[in-house]
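Peer 1:
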Amino acid sequence: MRIATAALNQTPLDWNRNADNIRCALEWTRKQETMVVCLPELCLSGAGCGPHFRRRPVLDKSLDMLFKLLDELKGMIVTLGLPLEFEGNIFNAACLVVDGKPFGFQCKTNFRPANLQELGWFRPWPRNQHAVIELNGQAYKIGDLSFDFNLNPEMTGGKSFHVAVEIGEPDWETPWTPVAAADRRKLDLLLNPAASPFALEKHAKRLRYAEKATEEFSYIHAFSNDVGNESGAVIYDGGSFIAERGKIVAMTPRFSYHDAQVAVATLGKDGPAAEPDHFDRNEELARAVPLGMLDYLRKSGAKGFALSLSGGADSGSLVAFASLGIQFALDELGLHGFHSQFGFVPDLAAAQTPKDMLGKLLACFYQSTRNSGETTRTAAKSLAENLGAAFYEWDVDPLVEQYTAMVSAALGRKLDWETDDIALQNIQARVRVPGAWLYANAHAAILLATGNRSEATLGYTTMDGDTCGALAPIGGVDKAFLRQWLVWLEKTGPQIGGERQPMPFLSAINVQAPTAELRPRVSGQTQTDEKDMMPYPVLNRIEQLGIVQGKTATEIRETLHTEFPEHDVACLTVWIDRFFALWHRNQWKRNRYAMSFHLDDTTLRGEQWRAFPALSGGNH
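Residue numbers (this note's numbering): 104 to 723.
1) Mapping the DSSP letters down to three states, classify residue 351 as helix, strand or coil.
2) By the three-class DSSP mapping on this structure, what secondary structure does residue 535 have?
3) Compare the Cα-Cα distances from residue 126 to each of 181, 337, 564, 557 and report the closest residue.
4) Do you know offhand how far residue 249's Cα is from residue 653's?
5) Measuring only the C-alpha atoms, how far is residue 316 from residue 377?
6) Check for me: the alpha helix (DSSP H) holding residue 194 runs from which residue to which?
7) Would you call residue 104 buried or exposed, if buried means 16 or more other Cβ atoms sit within 10 Å of its Cβ?
8) Just to confirm the assignment, what range does the beta strand (DSSP E) spanning residue 318 have?
9) In three-state terms, what does DSSP make of residue 241?
10) Roughly how many whole angstroms lie between the Cα atoms of residue 686 and residue 553?
11) Under 8 angstroms, do residue 631 and residue 617 count as touching if we go by C-beta distance?
12) So what's residue 259 in DSSP terms, helix, strand or just coil?
13) Are there 16 or more other CB atoms within 10 angstroms of the CB of residue 112, so buried, or fewer, so exposed?
14) Which of helix, strand or coil does DSSP assign to residue 457?
15) Near residue 434, which residues of its chain fall below 8 angstroms by C-beta distance, leaving aside the five closest residues on each side in sequence?
16) Should residue 290 be labelled buried (16 or more other beta-carbon atoms within 10 Å of its own) or exposed?
17) Could you round the C-beta distance between residue 185 and residue 147 to whole angstroms and report it? I think they count as a contact, below 8 angstroms.
18) Using a 10 Å radius around the Cβ and a threshold of 16 neighbouring Cβ atoms, would you call residue 626 buried or exposed?
19) Return yes when the C-beta of residue 580 is under 7 angstroms from any heavy atom of the ligand ATP, and no when it is not.
20) Looking at the structure shown, is residue 204 part of a helix, part of a strand, or coil, going by DSSP?
21) Comparing C-alpha positions only, which one of 173, 226, 211, 229 sits nearest to residue 205?
22) Would you kindly check if the distance between the Cβ of residue 362 and the Cβ of residue 119 is under 8 angstroms?
23) Does the segment 316 to 327 touch the segment 270 to 289, meaning 3 or more C-beta pairs lie closer than 8 angstroms?
24) Starting from residue 437, trace the alpha helix (DSSP H) in both directions and tell me its first and last residue.
25) By the three-class DSSP mapping on this structure, what secondary structure does residue 598 have?
26) Does DSSP put residue 105 in a helix, a strand or coil?
27) In chain order, what residues of the same chain lie with their CB nearer than 8 angstroms to the CB of residue 725, ignoring the 5 residues before and after it?
28) Can you list, in chain order, the residues of its chain with a C-beta nearer than 8 angstroms to that of residue 662? Leave out the 5 residues immediately preceding and following it.
29) Determine the direct distance from the alpha carbon of residue 689 to that of residue 637, and round the result to whole angstroms.
30) Between the segment 557 to 573 and the segment 527 to 540, can you find at least three pairs of beta-carbon atoms closer than 8 angstroms?
31) Exposed or buried, which one is residue 439 when buried takes at least 16 other CB atoms within 10 Å?
32) Please look up how many angstroms separate the CB atoms of residue 399 and residue 332, rounded, as I've assumed it's under 8 angstroms.
33) Say whether the segment 576 to 593 touches the segment 549 to 568, bearing in mind that this needs 3 or more beta-carbon pairs closer than 8 angstroms, one atom from each stretch.
34) Taking the C-alpha atoms as reference points, what is the distance between residue 313 and residue 329?
35) Which same chain residues end up closer than 6 angstroms to residue 387 when comparing Cβ atoms and leaving out the 5 residues on each side of it in sequence?
36) Taking buried to mean at least 16 other C-beta atoms within 10 Å of its own C-beta, is residue 327 buried or exposed?
In structure tokens:
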């Protein structure tokens, strides 16, 4: 028997696009004479509808799509995910369609802690319970179901298959309970439709889980997942797979730019295991962020990106990500396929090389003041020229002077660095924004915000300055990892077309100590971000220990003393106190941050930031 799993690039409430992607996957599986097809969670409506799952038009349209597709599913067993109302409650459901007819509706029972926001619109179904639902005059089973099928004798030898549908990603690391293990032993086939957001190194955990489970319990695991930027902040990497007898026998490519990818396996055939991609954290980041950026661009209909390029690590990484996205998409889709997907961008059809394409997709502005240095200017210009981005230089110092003089007159005194340090730094960052926004608006482009997670955590950022933009692609990346990644990109680079593609010209950025260049230089000393805050590796570790793990200040200090012996206890204590003082003080900034990609399971997501009060008496 041949079964298939699919990765689909769905969009919330984009009914026609979602249906077309489903049809594309089904057409491909029919050509492969496939009998069973597992499609991703909520594939009809899209997984990111949020509170709209509770709206009557969304519920009705999802059911309407389901019944319209039934005639195209004859001769197959298919899972189709949708929101479903039953007795006044909304459930995350998957219809198991058998030979063009609904056999029953499995409802989601497992809501992991990372996805608890779903409980705002979905109710979990009690385990091992079911009921009857009436739709279009017909009665169907609904709830936590399992199924026995006497499949085509010619395909299965007359064997009765025990099939279950489990919606959503399993807990990839927690051992099975005795009850769960007993349920697994009854299975022949587990269909696992999921919308499992990308997180660094999560895919390897998925594969280990499936390999161990299918070896221990002797069932077949078909996992399906979304791919692409499904709803803005969340990126899906695809990686749908089929596991049998302890090995992965089929898998879709990850980080694909296709709208549908299908993997097919012939069960019971003792063939070789599918070869995983072996991407490490660096390669995963190099692929996830570009996919998120270009898919956001495509689905938004914007005509390109705009970026204030300072010559530092944060803004420089965004130029590199945009270039990598073009290279990955070209490598997978080819020139014609790339133009088909992004032909709405003006003049892009005439571009034939990655450099030419980036010149049409990304405009960069180096906006100098008297505190800017030649090192950052040279680095910014070199990066843009090497990758092909459009590059402009604007002197904004006259605007800074005008604002400073205007406010000095209103205050009745001259603003100076002795008494107005932060204010004079911030006006430089803010003055750079109107021109960038004006260019972006005039070109219908997406203005990219350059802030990283470390700066957002402590509020080391200028509101209405470097935080401004429609999208903050690296808002979920800590600065320590970003700087390490840029060195990897300079010296190693990702696999593109079978070869490593490093960017050696990034050395001009990587040799610099991160600096905002907002203060005058004194006695040859340059302002640096780590002097203002603390070393980025220490900052990131305090964040993990204190915010993610909930450790006390004493516990954090003990851990840091062991992990960073080069710093004395007094210094570590100052940094811990500074971290929590700034964390509590700057919640209002995090509430206003541009939308950021969620890139790991401990990302300080917008939902979690807003859960912390903007005003508090919190002391760690």
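The beta carbon of each residue, even a glycine, is placed where N, CA and C say it ideally should be.
Peer 2: Concretely, from the data shown:
1) If DSSP states are grouped into helix, strand and coil, residue 351 belongs with the strands.
2) Looking at residue 535 - three-state DSSP - the assignment turns out to be helix.
3) With distances taken between Cα atoms, residue 126 lies closest to 181.
4) Pairing residue 249 with residue 653, the inter-Cα distance amounts to about 40 angstroms.
5) If you take the alpha carbons of residue 316 and residue 377, they lie about 17 angstroms apart.
6) Annotation: residue 194 is outside any alpha helix (DSSP H); the continuous beta strand (DSSP E) that includes it extends over 192 to 201.
7) In the assembly as shown, residue 104 is a buried residue. Its beta-carbon has 16 or more other beta-carbons within 10 Å.
8) DSSP places residue 318 in no beta strand (DSSP E) but in the uninterrupted alpha helix (DSSP H) bounded by 305 to 320.
9) Three-state DSSP puts residue 241 in a strand.
10) Roughly 20 angstroms separates the two Cα atoms.
11) Against a cut-off of 8 angstroms, the Cβ pair of residue 617 and residue 631 comes out as a contact.
12) Below a pLDDT of 50, predicted positions are generally treated as unreliable, and residue 259, at 48, falls in that range; no measurement from the model is reported.
13) By the neighbour-count rule (16 or more Cβ atoms within 10 Å), residue 112 is buried.
14) In the structure shown, residue 457 sits in a helix (DSSP, three-state: H, G or I).
15) These residues qualify, in order along the chain: 599, 600.
16) That one is buried.
17) Contact flag correct, Cβ pair sits at about 4 angstroms.
18) For residue 626, the predicted structure reports a pLDDT of 48, less than 50, and the residue's modelled location is therefore unreliable. A value from the coordinates is still provided. Label assigned to residue 626: exposed.
19) What this structure holds is no ligand at all, so the ligand ATP is not there to describe.
20) Three-state result, residue 204: strand.
21) Here the closest residue by C-alpha is 173.
22) The answer is no: Cβ separation not under 8 angstroms.
23) The segment 270 to 289, when compared against the segment 316 to 327, does touch it at the 8 angstroms Cβ threshold.
24) 416 to 445 is the span of the alpha helix (DSSP H), which, as asked, contains residue 437.
25) Residue 598 falls in the strand class under three-state DSSP.
26) Looking at residue 105 - three-state DSSP - the assignment turns out to be strand.
27) Missing from the structure shown is residue 725; the chain here goes from 104 to 723 and no further.
28) Excluding residues within five positions, the ones whose Cβ falls inside 8 angstroms are 644, 648, 654.
29) Each residue's alpha carbon lies about 17 angstroms from the other.
30) Yes, the segment 527 to 540 touches the segment 557 to 573.
31) The residue is exposed, with fewer than 16 neighbouring Cβ atoms inside 10 Å.
32) In this structure residue 399 touches residue 332 by the C-beta definition: roughly 5 angstroms separates them, less than 8 angstroms.
33) Result yes; three or more Cβ-Cβ pairs closer than 8 angstroms.
34) Rounded to whole angstroms, the gap between the alpha carbons of residue 313 and residue 329 is 18 angstroms.
35) Result list for residue 387: 303, in chain order.
36) So residue 327 counts as buried.
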